[in-house]
Amino acid sequence: MNISWYSPLDPESSEIARYSAHLLPHLAQLAGIAAVADSDGGAPPDWWKPEGPGPAPEKGVAPLPVYHIGNNPVHLPIYKRSLQEPGLVVLHDLSLVDLARHLSHDLEQPGLWKEMMCRQYGDEVRALVNRSENSVADYNDMLARYPLFQPFVAGALGVVVHSRYARDALQRQLPPGTPLLQLNLPATGSPGEAGEPARSAARPGPLRFVFCGHVGPNRRLIQFMEAWGQLPTPAAITLDLFGNISSSRQLLQYAEHFGVADHIRLRGYVSDAELDEALHSADFAINLRWPTMGEASASQLRYWSAALPTLVSDVGWYGELPDDAVCKISVDNETADLLAVFEDALSSPDKYRRIGQRGWQQLNSAHSAGYYARELVALAARLSDDRLGYRMLDQQLVSVIASMCENDNDTRLFRDAIETAVATVHPQNSGKQI
Numbered sequence: 060m061n062i063s064w065y066s067p068l069d070p071e072s073s074e075i076a077r078y079s080a081h082l083l084p085h086l087a088q089l090a091g092i093a094a095v096a097d098s099d100g101g102a103p104p105d106w107w108k109p110e111g112p113g114p115a116p117e118k119g120v121a122p123l124p125v126y127h128i129g130n131n132p133v134h135l136p137i138y139k140r141s142l143q144e145p146g147l148v149v150l151h152d153l154s155l156v157d158l159a160r161h162l163s164h165d166l167e168q169p170g171l172w173k174e175m176m177c178r179q180y181g182d183e184v185r186a187l188v189n190r191s192e193n194s195v196a197d198y199n200d201m202l203a204r205y206p207l208f209q210p211f212v213a214g215a216l217g218v219v220v221h222s223r224y225a226r227d228a229l230q231r232q233l234p235p236g237t238p239l240l241q242l243n244l245p246a247t248g249s250p251g252e253a254g255e256p257a258r259s260a261a262r263p264g265p266l267r268f269v270f271c272g273h274v275g276p277n278r279r280l281i282q283f284m285e286a287w288g289q290l291p292t293p294a295a296i297t298l299d300l301f302g303n304i305s306s307s308r309q310l311l312q313y314a315e316h317f318g319v320a321d322h323i324r325l326r327g328y329v330s331d332a333e334l335d336e337a338l339h340s341a342d343f344a345i346n347l348r349w350p351t352m353g354e355a356s357a358s359q360l361r362y363w364s365a366a367l368p369t370l371v372s373d374v375g376w377y378g379e380l381p382d383d384a385v386c387k388i389s390v391d392n393e394t395a396d397l398l399a400v401f402e403d404a405l406s407s408p409d410k411y412r413r414i415g416q417r418g419w420q421q422l423n424s425a426h427s428a429g430y431y432a433r434e435l436v437a438l439a440a441r442l443s444d445d446r447l448g449y450r451m452l453d454q455q456l457v458s459v460i461a462s463m464c465e466n467d468n469d470t471r472l473f474r475d476a477i478e479t480a481v482a483t484v485h486p487q488n489s490g491k492q493i
């Protein structure tokens, strides 16, 4: 079978592009990759060089589009492409409000995203949606209770998600019978090949925390610093921040207020080698998210690859992780929970090294790129077969029978039977969930 792959393509700025760059070679061993693009075409990225004797695209076989949809505006051209030809959607975020806002701006319809919210959840959410524009608390409440996704998957032949949280939400709103597959996000490295990272015994000096990624309001760094500042000796912890730190001035003002600014280093973007070295020399990672966008975190897999114990918010995908592989922080009791972990980790560091080791084991046992590729291709093949069967029944058989009938009444008799067959074959009417 053939696949066309639509995804962000710059691994330096997008974790989904990194996911694509790592996963596509596995897929190319199983299916013909007819195209790799970020929207309607163009040259494939420089990194796309299939390796090994995988199947070439089959001639005369229409590829099944696989669309990667996330909350970043870079996904808008991919969403627009999905409107032209239905395909398999890989949903990387459950809440797509930012994408909907960008679509509203792109179409010069500023109220469109609000209408999308009300179409998905009913007019009873309109007051909250309106308040969310002027209230951070209402905006967070809206994201937490009413993730916006339905308009972006409405025409999909099938959907892949990476958490029970997303799967359960989609099952309540997708058309009955739409194939829905939950897979664990694949690791973007080669876990296990070099063996478990060595973690030295407790050493003198502060407990070294690390943060990677985009510093947004839902990443809870201010709350982290507030709890940190309540320690009797804040110098017992240091924090290195890597990635997009566009709000660094405001962040440092909060750090000054909480008395921790002298123990923070803003590292910005560094090479993969430098980041890996920093992760392997750190003691702890921060991966707090509230409200969650319904994402599964590539950053978490990277932390686990270094056997780092990690602070996570007990919501969404993060709440589904094994309790012994991460340190879960309650959203409702955040500051107290953080402070308790700080104090416990400073007094019992070996306990948290064991948590990091179990995270590394979880990565290796449950996040295989090879398994992910096989399951995705199996679903794509099924959808491709269903699509072909639907087209043959609906477009070819009807016209053949019509030419054999003497009047419209006879054609309608056959049409009823054909529509029953189409409903059986077409994926949105097959009645089968995965």
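Taking the working numbering, the leading residue of the sequence shown gets 60, the next gets one more, and so forth.
A virtual CB, placed ideally from N, CA and C, is assigned to each residue, including glycine.
Everything numeric in this text was worked out from a predicted model, so none of it was measured.
For V149 versus V219, is the C-beta spacing smaller than 7 Å?
Translated into the one-based positions of the sequence shown, residue 149 becomes position 90. Translated into the one-based positions of the sequence shown, residue 219 becomes position 160. Result yes, Cβ atoms of V149 and V219 sit closer than 7 Å.
Could you check how far apart the C-beta atoms of H339 and A365 are, in whole angstroms? I think they sit under 8 Å.
Taking the first residue of the sequence shown as 1, we reach residue 339 at position 280. Taking the first residue of the sequence shown as 1, we reach residue 365 at position 306. Contact between H339 and A365 is confirmed by a C-beta separation of about 5 Å, below the 8 Å threshold.
For V120, tell me which candidate among R190, H151, I62 has the shortest Cα-Cα distance.
Position 61 of the sequence shown, counting from 1, holds the residue named residue 120. Per the Cα distances, I62.
The stretch 181–191 in contact with the stretch 206–218 per 3-pair CB rule at 8 Å:
no
Buried or exposed: Y328, going by 16 or more other Cβ atoms within 10 Å of its Cβ?
Translated into the one-based positions of the sequence shown, residue 328 becomes position 269. When all chains shown are included, Y328 counts as exposed.
Leaving out five residues before and five after S306 in sequence, what residues of the same chain have Cβ atoms less than 8 Å from its Cβ?
Here residue 306 is taken as the residue at index 247 of the sequence shown, counted from 1. The answer, listed in chain order, is V274.
For E74, which residues of its own chain have a beta-carbon under 7 Å away from its beta-carbon, when the five flanking residues on both sides are left out?
Locating residue 74 in the sequence shown gives position 15, where the first residue counts as 1. Cβ within range, chain order: A357.
Which first and last residues belong to the alpha helix (DSSP H) in which K173 is found?
Residue 173 sits at position 114 when you count from the first residue of the sequence shown. Unbroken alpha helix (DSSP H) run through K173: 171–180.
Take the Cβ of M451 as the centre, count every other Cβ of all protein chains shown within 10 Å, and call the residue buried at 16 or more, exposed below.
In the sequence shown, residue 451 corresponds to position 392, counting from 1. With a pLDDT of only 45 at M451, under the threshold of 50, the placement of this residue in the model should not be trusted; the figure read from the coordinates follows. So M451 ends up on the exposed side.
If I'm right that S330 touches L123 with Cβ under 8 Å, what's the distance once you round it to whole angstroms?
Here residue 330 refers to the residue found at position 271 of the sequence shown. Here residue 123 refers to the residue found at position 64 of the sequence shown. 36 Å between Cβ atoms; not a contact.
Determine, using beta carbons only, whether A337 and L367 come nearer to each other than 7 Å.
Stepping through the sequence shown from its first residue, residue 337 is reached at position 278. Stepping through the sequence shown from its first residue, residue 367 is reached at position 308. Cβ atoms of A337 and L367: not closer than 7 Å.
Check whether the stretch 282–296 touches the stretch 397–413, taking contact to mean three or more Cβ pairs, one atom from each stretch, closer than 8 Å.
yes
Is the beta carbon of R279 closer than 7 Å to that of L347?
As a working mapping, residue 347 is identified with position 288 in the sequence shown. As a working mapping, residue 279 is identified with position 220 in the sequence shown. In this structure, R279 lies closer than 7 Å to L347 by Cβ.
What number of angstroms, rounded off, separates the C-alpha of A341 from the C-alpha of H322?
One-based indexing of the sequence shown puts residue 341 at position 282. One-based indexing of the sequence shown puts residue 322 at position 263. The straight-line gap from Cα to Cα measures roughly 14 Å.
Which value, in whole angstroms, describes the spacing of the CA atoms of Y78 and T247?
Locating residue 78 in the sequence shown gives position 19, counting from the first residue. Locating residue 247 in the sequence shown gives position 188, counting from the first residue. Y78 and T247: Cα-Cα distance of roughly 6 Å.
With distances taken from CA atoms, which of V269, N303, L266 is nearest P276?
By 1-based counting over the sequence shown, the position of residue 276 is 217. Comparing alpha-carbon positions, the option among V269, N303, L266 lying closest to P276 turns out to be N303.
Using CA atoms only, rank isn't needed, just tell me which of A395, Q421, L83 is closest to V436.
Locating residue 436 in the sequence shown gives position 377, where the first residue counts as 1. Per the Cα distances, L83.
Specify the secondary structure class of V148 as computed by DSSP and reduced to three states.
As a working note, residue 148 is residue 89 in the sequence shown. Strand, per DSSP.
In chain order, what are the residue ranges of uninterrupted beta strand (DSSP E) at least 3 long that sit wholly in the stretch 265–311?
With a minimum length of 3 residues, the continuous beta strand (DSSP E) runs that stay inside the stretch 265–311 are 266–271, 296–301.
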